[in-house]
Every structure is written in C-alpha cells, then in structure tokens.
Amino acid sequence: MKRGVTTLLGMLFMSLSVLSFAQNRADAEGIQFFEGTWDEALQKAAAENKPIFLDVYASWCAPCKLLKNNTFPDVEVGRYFNNQYINVSLDGEKGDGVQVAHDLNVQAYPSLFILNSSGEPLVYFAGFLKSGDFIELGKAGIEQLNKK
Numbered sequence: 034m035k036r037g038v039t040t041l042l043g044m045l046f047m048s049l050s051v052l053s054f055a056q057n058r059a060d061a062e063g064i065q066f067f068e069g070t071w072d073e074a075l076q077k078a079a080a081e082n083k084p085i086f087l088d089v090y091a092s093w094c095a096p097c098k099l100l101k102n103n104t105f106p107d108v109e110v111g112r113y114f115n116n117q118y119i120n121v122s123l124d125g126e127k128g129d130g131v132q133v134a135h136d137l138n139v140q141a142y143p144s145l146f147i148l149n150s151s152g153e154p155l156v157y158f159a160g161f162l163k164s165g166d167f168i169e170l171g172k173a174g175i176e177q178l179n180k181k
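Taking this note's numbering, the leading residue of the sequence shown gets 34, the next gets one more, and so forth.
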C-alpha cells in the first residue's frame with residue numbers, strides 16, 4: 034500500500050513538473066505567430082475582436098533577422114503581444130505576403146504594423162526595435178484602437 038502511494042505521488046510530481054516546464058517554455062518562446070493564411074488571420078481577429086500585429090519581412094533583411102532572433106523571442110514581448118494581439122509574420126516577397134505588402138504599400142523591411150480587427154492600419158514602423166521600444170509600439174497600437 035505504502036509503495037503504491039509513493040508511486041502515485043511520484044507520478045503526480047512528474048506530471049506537475051512537465052506541465053510547469055511546458056508553461057515556462059511557452060512563456061520563454063516570446064511571440065507566438067499565427068500559422069495560417071492571411072485571410073484566416075483576419076477571420077480569427079474578427080472572431081476574437083482582437084487587433085493584429087503584422088511583421089512584414091524579407092529573408093535577406095538583416096534588421097528582420099535581428100527582430101526574429103532578439104526581440105520576438107523576448108519573454109516580456111511575448112507576454113504582451115500574445116495577450117493583446119493576433120500575431121502574424123509574412124515574407125513580403127512570397128505567398129500571401131506579396132499581396133499584403135502591396136496592399137499596405139510596404140517600402141522597407143521590416144515593416145511592423147498594428148491593425149484593427151478588420152485589417153485597417155493603426156500604427157506603422159519600419160526597422161529594428163529593441164524589446165522595450167517594441168512593447169511601446171504595441172501599447173501605441175492599443176491606444177490608437179481605444180481612440181476609435
């Protein structure tokens with residue numbers, strides 16, 4: 034009986050450890066980008082009445098790589114943006130990104146947009162931002178959204 038209780042407690046502890054690790058890993062991953070089409074992202078934003086953060090990048094773009102490797106993985110950035118936005122990242126030279134970049138008149142990479150849930154631009158920034166400045170961009174988007 035004692036051995037069964039010990040085994041059960043051990044299994045419970047391991048399960049809780051795995052769940053805790055999984056949650057910490059999710060937080061540590063920074064921004065979680067939506068993995069569907071642009072139209073699906075718009076539908077999700079409309080259904081959840083949530084604004085969109087859109088990163089339009091190019092594979093050859095050095096500042097885009099800095100964002101991807103330094104800013105987007107930041108824990109605080111992830112917490113803020115994952116809570117406030119539907120996050121979308123599109124290559125402006127491939128797939129859906131070509132039309133979206135054209136529609137939004139992208140002139141430089143990276144182009145960072147905050148859009149309302151209908152896909153209308155509220156805030157735009159081109160270039161690299163460190164984590165703190167990037168969160169401020171996100172807050173500016175929410176402020177613009179609340180003004181309308």
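Heads up, the beta-carbon is just placed ideally off N, CA and C, and yes, glycines get one too.
All values derive from a computational prediction rather than experimental measurement.
Sequence-distant Cβ neighbours of Ala78 in its own chain, meaning closer than 6 Å and more than five residues away, are Ile85, Ile119 and Ser150. Annotation: the continuous beta strand (DSSP E) that includes Ile85 extends over Ile85 to Tyr90. Contact holds between the stretch 109 to 127 and the stretch 62 to 69, because three or more Cβ pairs, one in each stretch, are under 8 Å apart. When DSSP states are grouped into helix, strand and coil, Asn102 belongs to the helix group. Pro143 is the residue among Gln132, Pro143 and Asp88 whose C-alpha sits nearest the C-alpha of Cys94.
Within the same chain, Ala159 come within 6 Å of Ala141 by CB-CB distance, once the 5 residues on both sides are set aside.
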